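Asks: The structure that follows is given in the form of structure tokens.
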Amino acid sequence: MQFMQAQQTQILQNKYEMQGNYNTWEGSEERRQQQLDNVIQELGGLWLQFDNFQNYQQPPPRFFFHRFCAPILLLSRNSEDTV
Numbered sequence: 102m103q104f105m106q107a108q109q110t111q112i113l114q115n116k117y118e119m120q121g122n123y124n125t126w127e128g129s130e131e132r133r134q135q136q137l138d139n140v141i142q143e144l145g146g147l148w149l150q151f152d153n154f155q156n157y158q159q160p161p162p163r164f165f166f167h168r169f170c171a172p173i174l175l176l177s178r179n180s181e182d183t184v
């Protein structure tokens with residue numbers, strides 16, 4: 102009788118532990134999905150800036166240039182120096 106009670110107790114403990122692990126995993130998945138949504142939204146914004154530049158030939162905002170174009174120009178300039 103005690104053995105069966107001990108087994109039932111162990112089964113309940115395992116059940117609660119598995120439920121906790123599942124809840125933790127589910128929360129992690131939600132955070133990952135939110136991060137992915139944020140990245141997609143940011144890329145969409147950058148695409149709109151690029152699209153505006155192509156359609157209206159307006160220079161992109163200063164932030165865009167310093168963040169994305171300047172490092173590329175520096176890299177290309179450095180690679181020309183080494184050749």
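So the sequence shown is numbered by the working numbering: it starts at 102 and just counts up by one.
The beta carbon of each residue, even a glycine, is placed where N, CA and C say it ideally should be.
A quick note: this is a predicted structure, and the numbers were derived from the prediction, not measured.
Taking only three categories from DSSP, how would you classify Met102?
Replies: Within the sequence shown, the letter at position 1 stands for residue 102. In the three-state reduction of the DSSP assignment, Met102 falls in the coil class, being assigned neither a helical nor a strand state.
Asks: For Glu127, collect the residues of the same chain with a Cβ closer than 6 Å to its Cβ; drop the 5 residues on either side in sequence, then sort them by chain order.
Replies: Residue numbering aside, residue 127 sits at position 26 when the sequence shown is read from its first letter. Within the same chain, no residue comes within 6 Å of Glu127 by CB-CB distance, once the 5 residues on both sides are set aside.
Asks: To the nearest angstrom, how far is the alpha carbon of Gln120 from that of Val140?
Replies: Working through the sequence shown from its first residue, we reach residue 120 at position 19. Working through the sequence shown from its first residue, we reach residue 140 at position 39. Gln120 and Val140: Cα-Cα distance of roughly 30 Å.
Asks: Just how far apart, CA to CA, sit Ile112 and Asn124?
Replies: Within the sequence shown, numbered from 1, the residue matching residue 112 stands at position 11. Within the sequence shown, numbered from 1, the residue matching residue 124 stands at position 23. Rounded to the nearest whole angstrom, the C-alpha separation of Ile112 and Asn124 is 18 Å.
Asks: Output the distance between the C-alpha atoms of Trp148 and Thr110, rounded to the nearest integer angstrom.
Replies: Walking along the sequence shown from the start, residue 148 turns up at place 47. Walking along the sequence shown from the start, residue 110 turns up at place 9. Going by the C-alpha atoms only, they are around 57 Å apart.
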